[in-house]
Amino acid sequence: MLSPCFRTVKTMKKRIGFTGIIAALWGAALLCGPLLRPTDSCAGQSEAALTPSPVSRPAADSPSGTMRIYMIDVGQGDSALVIFPDNRTMLIDAGERESAPHIIDLLKRLGIRTLDFLVASHGHPDHTGGFARLIAEGYTGSSTTAYSWSNREWDGITWHRVKPGDVLHVSAGATVTCYAIGSRVVGGAYVVPERNINARSMVLNIKYRGFDYLSGGDLTGSGNHPNVEDPVGDALARAGVEIDVYKVHHHGSRYSSNLYFLRKIMPEFAMISMGDDNPFGHPTRAVLKRLNDPGVHVTRIFQTESGDGATAPNVTVAHGQIVVTTDGVTYRFAGEGPGSTPFSYGPYPVDEFAGSWPMFRRRNS
Ligand SMILES: [Zn+2]
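Each step along the sequence shown adds one to the number in this note's numbering, with nothing skipped, and position 32 is 32.
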């Protein structure tokens, strides 16, 4: 249960966001628009670089369309499947090589034969290991576009470089915006990554109407690791983005999810992917404590597995997939998959300040 104190803080945060005056909302929208598009400060980037491939199946764009995000249980690693409102699909990371069968099981159960977009957040095997088998088994094709940190041939397909500020317009109301890659952040900030590959992670804001999801691989920001999280938090705050669901960086490592960053993005919910048998103590007590800090206070933390670290009273373990479903006005969570713990939370309203115009109009109608 949330303490009354925490509830008050959360309510105040929402109230400030909601009653931040219509003029402020419009002002934010006007100011933020350019930030969500390539700017001069991100020279060389263009939306053309992220032009989606032609729709490979009947489009289903409609006001009642929903977007689903499956955080797939791949043990100690990351893999998330996004099904956009027009039914196109994006796989962000693919876990370790041994994870591919779990991903393929899910794709089969969902009847998905081709992935439209692949995203490799950074070059570690717990994020990229499963791609080879997916590609070998024909889950990519002429309609597939693959994105990573460089232009390269890899696992038999061409990967395209993504730059900070690139925007992918998937379908009406659904966009994917890159806020950081290679330790370079929208707005021009650059943090020397030293030899830290995690610090180079691709950070994506997936937006559908008023709903905002943040996926940043294993981005670093705490301890003696390069602090890329601070400028990413600043960039998101400048753009007026308040995150509804945050995919916790680096499986709950204490070297990520610093308090400054969390207070900038103000996530409503958090999801952590990690394995029961991980030797790293993920998720760490430090990160669960920061997520529950009175200045952040996520409502609930969902985990694919129990992990081998700390826990908190507001943690829910799926023992399988965590599925987020949103129509852009509200969103809900469910447990899914063989052997999973069934649960259902929601619906919750999207964060008001994040530009949920349909909800805003509905409240005034
Ligand atoms: Zn990782």
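Even glycine gets a Cβ: it sits at the ideal position worked out from N, Cα and C. These figures come from a predicted structure and were not determined experimentally.
Check                                                                                    : Outcome
Reduced DSSP category for S121 - H, G, I as helix; E, B as strand; rest coil             : coil
Assigned exposure category for D351 - 16 Cβ within 10 Å defines buried                   : buried
Option nearest S79 by Cα separation, candidates Y147, P193, N278 and S215                : S215
D105, enclosing beta strand (DSSP E) - first and last residue                            : Unbroken run through D105 is the alpha helix (DSSP H), A100 to L110; no beta strand (DSSP E).
The region 168–175 / the region 79–92 touching (three or more Cβ pairs under 8 Å)        : yes
Inter-residue spacing [alpha-carbon to alpha-carbon] between H282 and H102               : 21 Å
Element boundaries [alpha helix (DSSP H), containing R152]                               : Per DSSP, R152 belongs to no alpha helix (DSSP H); it is in the beta strand (DSSP E), R152 to W154.
Same chain, Cβ closer than 7 Å to L36, neighbours up to 5 away in sequence not counted   : The predicted model places L36 with a pLDDT of 28, which falls under 50 and marks its position as unreliable, so this point remains unresolved.
Beta-carbon gap between G337 and D73 smaller than 8 Å                                    : yes
Distance between Q321 and L110 (C-alpha atoms, nearest Å)                                : 13 Å
Entirely enclosed alpha helix (DSSP H) segments - the region 125–188, minimum 4 residues : 125–128 and 131–136
Distance, E242 Cα to F280 Cα                                                             : 30 Å
Beta-carbon proximity check, T330 vs A310, cutoff 8 Å                                    : no
K108 burial status per 10 Å Cβ neighbour count (16 or more: buried)                      : exposed
Contact set for G233: own chain, Cβ-Cβ below 7 Å, skip 5 residues either direction       : Y260, F261, K264 and I265
CA-to-CA distance, I157 to W149, given in whole angstroms                                : 14 Å
V232: first and last residue of the uninterrupted alpha helix (DSSP H) it sits in        : E229 to R238
Check whether S257 and H251 have beta carbons under 8 Å apart                            : no
Assigned exposure category for E137 - 16 Cβ within 10 Å defines buried                   : exposed
Anticipated Cβ contact below 8 Å, D230 with G221, distance rounded                       : 6 Å
Same chain, Cβ closer than 6 Å to Y345, five either side skipped, listed in chain order  : F333
Below 5 Å from a heavy atom of ligand 1 - residues by beta-carbon                        : D126 and D218
Whole-angstrom distance between D116 and T175, CA atom to CA atom                        : 14 Å
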